[in-house]
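Below: the structure, in structure tokens.
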Amino acid sequence: MAGSAQDLGRYCLQAFSQQVPASLAAFYRIDAEQQACDFLLQDLQAPMHARYLAHYRAYDPLQPSRCMAIGRPVVSLGQGLACLPEVQGQTYRSFLAQHQVVDVVEIIAQVDARPVAGVSLLRCAGLGAFQADELERLLPLHGLMQLALSSQPPARQPMPELTPREQQIAELLRQGCSNKLIARALELGLPTVKTHLINLFRKLGVRNRTELVTLLYL
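Residue numbers are given in full-length UniProt numbering: position 213 of the sequence shown equals residue 213, and the series is strictly consecutive.
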């Protein structure tokens, strides 16, 4: 995520969290396939995020494409689950419960009728579920986020040459994770992680993880 986009993401996370308190949050860009990418995390730990990307993204009722199908700018977890088969919903709820998350709300911004960015707000047990009046308070901020995004230059497509696994590893590298933490988060052996890193360096023509992160995200 380029510098200006990172600044916008931080501003959005701060503004939304001040208006409606959240335990964890994330800002992300939405690519041409309506997939979330280039995540900017707030109090959301890398292992949880990595497990989501590796094992639970497909079960997420609040993926951008599913939020777009619901047709609302602010979508609650309950609204999303109502559109999923029960088994998928139970799987995703189980993942959230493992991290003490009790509720989620998604805010999707569009430019020229295309989803371009989103904010996830997650609440743990201490804050309880989101209330209807809180969701209403998010709507004006959603409008401001769309206005700000409409003035942003078009973002380049992230990591077009990388496999899904390589994208997961690159995202964890951007967050400063060590090889051991990557292995634990993705449930891989250390030799496998090292092999992926060697392939990544060779594929992108970089010599180390610093150059890789600079090439992909700065």
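Heads up, the beta-carbon is just placed ideally off N, CA and C, and yes, glycines get one too. Being a predicted model, the structure only gives us computed values, none of them experimental.
Closest by C-alpha distance to residue i, when choosing among the options
{"i": "Leu-144", "options": "Val-111, Thr-214 and Ala-26", "result": "Val-111"}
{"i": "Leu-81", "options": "Asp-103, Gln-98 and Ala-170", "result": "Asp-103"}
{"i": "His-217", "options": "Glu-106, Gln-167 and Arg-51", "result": "According to the sequence as given, residue 217 is Tyr; it is not His. Taking only the C-alpha atoms, the option nearest Tyr-217 is Gln-167."}
{"i": "Met-164", "options": "Leu-8, Gln-100, Gly-128 and Gln-35", "result": "Before going on, a small fix: residue 164 reads as Pro here, not Met. Closest by alpha carbon: Gln-35."}
{"i": "Val-101", "options": "Ala-69, Ala-117 and Leu-121", "result": "Leu-121"}
Exposed unless 16 or more other CB atoms sit within 10 angstroms - verdict on residue i
{"i": "Pro-85", "result": "exposed"}
{"i": "Val-87", "result": "exposed"}
{"i": "Gln-157", "result": "With a pLDDT of 48 at Gln-157, under the threshold of 50, the predicted position of this residue should be treated as unreliable, and no value is reported."}
{"i": "Gln-42", "result": "buried"}
{"i": "Met-159", "result": "Any reading at Met-159 is ruled out, since the residue's pLDDT is 49, under 50, leaving its predicted position unreliable."}
{"i": "Leu-215", "result": "exposed"}
{"i": "Lys-77", "result": "This sequence places Leu at residue 77; Lys is not what is there. Per the 10 Å Cβ criterion, buried."}
{"i": "residue 256", "result": "No statement about residue 256 is possible, as the shown extent of the chain runs from 1 to 218 and does not include it."}
{"i": "Asp-38", "result": "buried"}
{"i": "Glu-106", "result": "buried"}
The alpha helix (DSSP H) enclosing residue i, as first and last residue numbers
{"i": "Gln-98", "result": "86-98"}
{"i": "Gly-143", "result": "132-150"}
{"i": "Pro-164", "result": "164-174"}
{"i": "Gln-79", "result": "77-81"}
{"i": "His-49", "result": "46-51"}
{"i": "Ser-65", "result": "64-70"}
N-terminal and C-terminal residue of the beta strand (DSSP E) that residue i is part of
{"i": "Glu-106", "result": "101-111"}
{"i": "Ala-117", "result": "114-124"}
{"i": "Tyr-28", "result": "24-30"}
{"i": "Cys-37", "result": "36-42"}
Supposed close pair residue i, residue j - CB separation, criterion 8 angstroms
{"i": "Ile-108", "j": "Pro-73", "result": "6 angstroms"}
{"i": "Ala-183", "j": "Gly-176", "result": "Actually they are not in contact, since the Cβ atoms of Ala-183 and Gly-176 sit about 15 angstroms apart, beyond 8 angstroms."}
{"i": "Leu-138", "j": "Phe-16", "result": "7 angstroms"}
Inset, instruction - Tell me, please, whether the region 6-19 touches the region 46-62 by the rule of three or more beta-carbon pairs shorter than 8 angstroms. - result: no
Legend entry - Cβ contact check for the region 65-83 and the region 190-200: 3 or more pairs under 8 angstroms: no
Legend entry - Any 3 or more C-beta pairs closer than 8 angstroms across the region 127-142 and the region 15-26: yes
Legend entry - the region 47-54 touching the region 119-132, judged by at least three CB pairs closer than 8 angstroms: no
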